[in-house]
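Plus 301 on top of the position in the sequence shown (first one is 1) and you've got this note's numbering.
Ideal placement from N, C-alpha and C gives every residue a C-beta, glycine not left out.
Please read all numbers here as calculations on a predicted model, not as lab measurements.
What follows is a set of notes on a single structure, which appears directly below.
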Amino acid sequence: MHEFSLAVSVVEEAADILKKMGGKKVLALTLDIGILSGVSPEALQFCFPEVILGTCLERCRLHINQIPLLVYCPQCQREEQVEGPFPLCPRCQEVKIEVRKGKEFNITNMEIE
Ligand SMILES: [Zn+2]
């Protein structure tokens, strides 16, 4: 499963940050996941408890913020939030748009001890 290896890399990254901050364990973790990132928040939540077993993230709570798709349309000259995963302008259906948000996959917050 794709999300399993993603969860492993998130845990490694969080453990790294924890070490740099001089903490002992991670109590809570917040992730931003864009709708275009290709990551399923449900699948990630599902494998997270298994991945954190025996690590400094054991019993850590995982919060996921799903980031909707935000595009800039050069035709309409404005930003538009798009419902659904297809990057096109919801006003004029233009496909040559710029994706401004929706590809995120980052740790945005950590609660440590
Ligand atoms: Zn447009």
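Residue i CB to nearest heavy atom of ligand 1 below 7 Å
i, result
"GLN376", "yes"
"ARG401", "no"
"GLU384", "no"
"GLU380", "no"
"CYS393", "yes"
"CYS357", "no"
"CYS390", "yes"
Bridge-paired residues (DSSP) for residue i
i, result
"ILE413", "VAL327"
"VAL400", "VAL372"
"ARG379", "CYS374"
"ILE416", "Here the chain has residues from 302 to 414 only, and residue 416 is not among them."
"ARG392", "Paired residue(s): none; ARG392 is not in a bridge."
Euclidean distance between Cα positions of residue i and residue j
i, j, result
"GLU313", "HIS364", "17 Å"
"LYS404", "LYS320", "27 Å"
"GLU412", "ASP333", "15 Å"
Test item: CB-CB of residue i and residue j under 8 Å
i, j, result
"ALA315", "PHE349", "no"
"CYS377", "ARG392", "yes"
"ASN410", "THR331", "yes"
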